[in-house]
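Here the structure is laid out as structure tokens; the discussion comes afterwards.
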Amino acid sequence: MKKSPLPVQNVQRSDKNVAGKEALVKLLRWHFGHADFRGKQLEAIQAVVSGRDCFCLMPTGGGKSICYQIPALAKPGIVLVVSPLIALMENQVMALKEKGIAAEYLSSTQATLVRNKIHEDLDSGKPSVRLLYVTPELIATKGFMLKLRKLHSRGLLNLIAIDEAHCISSWGHDFRLSYRQLSTLRDSLADVPVLALTATAAPKVQKDVIDSLSLRNPLVLKSSFNRPNVFYEVRYKDLIDNAYTDLGNLLKSCGSICAIIYCLERTTCDDLSVHLASIGISSAAYHAGLNSKLRSTVLDDWLSSKKQVFVATVAFGMGIDKKDVRMVCHFNIPKSMESFYQESGRAGRDQLPSRSVLYYGVDDRKKMEFLLRNSENKKSQSSKKPTSDFEQIVKYCEGSGCRRKKILESFGEEFPAQQCKKTCDACKHPNQVAHSLEELMNTASRRHSSSRIFITSSNKMTNEGHYSEFWNRNEDGSNSDEEISDSDDAKSLAGPKLSKKLGLDEKLVLLEQAEEKYYERNKQVKKSEKNAISEVLRESSKQRLLDELTRVLQQLASVKEIDSQKACEFLENECYRKYSKAGKSFYYSQIASTVRWLGTASRDDLMTRLSSVVSSGGGEPIKEPLLVEHSENVEEEDDGKINTTESHDEMTQELVVSPSRSPIKLPHVPSFSEFVNRRKIKLNTSADKSSEGFDDNKPAKIMKLQ
Ligand SMILES: Nc1ncnc2c1ncn2[C@@H]1O[C@H](COP(=O)(O)OP(=O)(O)OP(=O)(O)O)[C@@H](O)[C@H]1O
Ligand SMILES: [Mg+2]
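Quick note on numbering: the sequence shown equals residues 1 to 706 in UniProt numbering.
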């Protein structure tokens with residue numbers, strides 16, 4: 001419902017001091033319906049209303065907008081708000097108009113008629129607009145700067161508010177080159193107070209913002225970044241059968257809540273949204289690949305709660321004020337702790353209990369590392385900022401301690417874990433989280449044995465430039481042939497396909513494809529490695545043999561005669577000794593044949609072959625075990641695949657020891673003393689024979705042959 005504005009003039013007349021708390025609270029209550037100011041809002045408002053610059057650091061959803069919206073109502077003139085996103089401007093202007101506050105935005109997406117109307121109003125003797133939202137790009141234009149100067153000279157410029165001010169800093173997570181242009185504002189409009197607002201807490205970003213905007217003796221206000229109403233949790237994709245199903249179930253278990261799901265890629269947004277819709281969750285994808293009309297319909301549907309779940313790329317959401325978001329889910333790992341904090345902070349802006357869920361997967365991590373490394377190289381920065389920032393979020397996922405503590409400490413805020421009060425999974429279910437991490441470590445090291453699993457190894461990779469053939473590539477293709485010689489996709493990357501004309505998304509897609517191909521090629525290179533017989537395989541083979549042997553021994557009522565554990569180790573070891581070099585397929589076939597042999601063997605067969613492991617109380621042991629030979633005529637096909645179908649049968653036939661077949665006996669291995677004595681006897685004999693006219697060299701030869 002629209003509300004008539006509280007006449008500013010009246011407020012000013014009744015309150016001599018416009019920066020007085022009472023007058024400001026009155027405005028807050030009248031226009032926004034809030035009982036009182038929150039956190040540092042009042043201090044920030046009082047500073048700028050009295051003409052002082054202010055740097056305001058407040059958490060996401062902390063209420064930064066009020067800090068420039070109330071001054072627009074408390075003093076005559078216009079508050080100029082610089083905002084990085086059109087969607088954000090639209091959202092705020094719409095909300096303000098709903099409250100009866102004269103707000104407008106200027107952007108290239110508006111119809112000329114609308115824009116002209118706003119300009120006319122600005123040029124008029126008494127502009128009605130109180131809050132004017134603009135993009136940094138517009139500020140950079142000469143025409144608009146001239147207009148601002150004119151407004152200023154007429155005493156109509158009340159305040160310049162730079163929202164999402166961290167975008168000015170290359171240290172920030174959303175650096176925007178156009179924000180750099182804002183440094184000219186101070187020169188052109190020297191005495192207009194400037195209010196910089198951000199939720200980005202990194203100290204270097206703060207300093208950068210203050211310096212770049214040339215803030216004069218600013219009042220620096222910092223609030224705690226703790227969001228006590230948000231429960232933090234990490235789910236491990238590598239331990240989940242299907243992350244789509246898991247997320248679907250999670251959302252369903254929460255009822256019809258409003259949620260944002262962030263994905264790294266547009267295709268994931270589309271796929272995930274389709275999946276959620278297919279299980280009855282009302283959802284919509286939102287990304288730059290959609291046309292602007294569709295995007296704004298999707299956004300409207302979500303803002304008006306027609307759609308429940310919003311599946312978006314990370315480009316969405318900066319400053320979007322939807323109060324009742326109950327869950328923010330990162331379906332892929334974010335690029336830094338800062339990004340994660342900002343994005344997850346979109347949950348629970350109404351201060352009610354909400355949830356942040358991060359799906360962590362080792363593959364996702366590798367992909368992000370690759371993208372960040374690539375962006376580092378493109379920027380030709382000597383610093384390793386993106387990857388070092390990324391390590392913080394990796395630690396958040398891979399560490400077992402309090403998640404809240406990790407978030408806050410990454411912003412330089414001390415936070416004892418006891419204060420978390422079980423509002424993160426690590427504090428609420430420490431054993432479960434520790435167990436998951438252990439499992440993740442095992443699973444990941446099995447799956448990614450050749451790559452990095454945890455942070456330490458990740459650093460190693462960075463240092464060794466293990467995958468540098470992608471990351472060191474320049475986008476203009478200036479790399480030498482040597483660097484890219486062995487890769488077709490690398491050539492395409494270095495060539496015209498990755499030209500400067502391509503958009504970032506296209507480049508990322510190309511780079512991702514190249515990476516996939518790289519792994520594919522790596523797979524082939526490591527084929528021999530992959531064909532190696534792992535300990536896990538050996539253990540499972542032993543178990544297979546043990547199961548079969550136990551069954552057979554029970555059938556033959558010979559359980560006590562054979563130590564089945566040792567017997568299986570013996571049989572497995574036989575297979576391994578013979579085929580460890582030939583590879584997994586051969587070994588596996590041999591195990592399978594041995595299992596089959598066990599199934600058909602008679603008691604005598606078993607006692608014969610397993611004589612070395614027959615229990616002492618068993619039947620008559622035969623000292624010399626059978627040597628079962630297997631012809632190694634397994635063929636390799638043209639494509640390198642091993643043709644084992646035929647060989648299986650052959651092996652089976654050979655390994656099933658038929659009673660008619662005469663066993664080949666192993667030669668008796670003499671003991672050391674037996675060997676020395678025999679040698680002495682033979683030497684004596686040959687000496688005798690030599691004296692009878694034999695060749696001198698022959699005894700030595702005979703010895704060797706023994
Ligand atoms: N004093 C207050 N009392 C109660 N609610 C408030 C108060 N100030 C702001 N809010 C509410 O808090 C929510 C978040 O406000 P706002 O959008 O200004 O946050 P923000 O700090 O700009 O967040 P972001 O970093 O995401 O842009 C809004 O719904 C707003 O109405
Ligand atoms: Mg905001």
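No residue lacks a Cβ here, since even glycine has one placed at the ideal position from N, Cα and C.
- The way I'd put it, the segment 43-56 does touch the segment 206-222; three or more beta-carbon pairs between them come closer than 8 angstroms.
- The shortest CA-to-CA distance from F331 to any of L352, D270, L299, K323 is the one to D270.
- DSSP lists no bridge partner for F415.
- In this structure, Q69 lies away from L151, with their beta-carbon atoms at least 8 angstroms apart.
- In the structure shown, the three-state DSSP call for H330 is strand.
- Nearest Cα to R596 within the set G583, Q181, S50, R544: R544.
- Proximity to P127 across E548, R365, V79 peaks at V79, based on C-alpha coordinates.
- Annotation: S541 to E572 spans about 7 angstroms, alpha carbon to alpha carbon.
- Judged by the Cβ position, S153 fails to qualify as a neighbour of ligand 2 at the 7 angstroms threshold, every heavy atom of the ligand being at least this far.
- As the crow flies, the alpha-carbon of F175 is around 20 angstroms from that of T141.
- The shortest CA-to-CA distance from K252 to any of G61, L553, V309, S296 is the one to V309.
- Per DSSP, I168 lies in no beta strand (DSSP E) and is assigned neither H nor E.
- For L131, the enclosing beta strand (DSSP E) covers residues 131-134.
- Counting other Cβ atoms within 10 Å of its Cβ, E104 reaches 16 or more and is therefore classed as buried.
- The straight-line gap separating the alpha-carbon atoms of Q590 and K560 is approximately 26 angstroms.
- Around K566, the same chain offers V613 as residues with beta carbons nearer than 8 angstroms, after the five sequence neighbours per side are excluded.
- Here T313 is buried. Its C-beta has 16 or more other C-beta atoms within 10 Å.
- At least one heavy atom of ligand 1 is found less than 7 angstroms from the C-beta of S65.
- The beta carbons of G39 and G62 sit closer together than 8 angstroms.
- Under the 10 Å beta carbon count, M94 is surrounded by fewer than 16 other beta carbons and is classified as exposed.
- Looking at Q555, T443, S611, Q351, the one whose alpha-carbon comes closest to that of M327 is Q351.
- Closest in alpha carbon position to L606, among F586, Y588, G583, Q554, is Q554.
- Around the beta-carbon of K75, 16 or more other beta-carbon atoms lie within 10 Å, marking it buried.
- The shortest CA-to-CA distance from K406 to any of N249, E233, S223 is the one to E233.
- For S344, the enclosing alpha helix (DSSP H) begins and ends at 337-344.
- Across the structure, K335 and C263 are spaced so that their CA atoms are roughly 11 angstroms apart.
- Residue pairing from DSSP places S283 in a beta bridge opposite V309.
- Counted as a single uninterrupted DSSP element, the stretch harbouring I240 is not any beta strand (DSSP E), since DSSP gives it neither H nor E.
- When the five nearest sequence neighbours on each side are left out, the beta carbons in the same chain lying within less than 7 angstroms of the beta carbon of L408 are those of F225, N226, F415, in order along the chain.
- Distances from the alpha-carbon of T594 to those of S580, A557, E548, T608 put E548 closest.
- DSSP places T198 inside the beta strand (DSSP E), whose first and last residues are 194-198.
- CA-to-CA, the gap between T550 and A557 works out to about 10 angstroms.
- Taking C-alpha positions only, L122 is separated from Y133 by approximately 13 angstroms.
- D425 and S65 have their alpha carbons spaced roughly 32 angstroms apart.
- Closest option to P228, judged by alpha-carbon separation, among L24, L299, L294, P353: P353.
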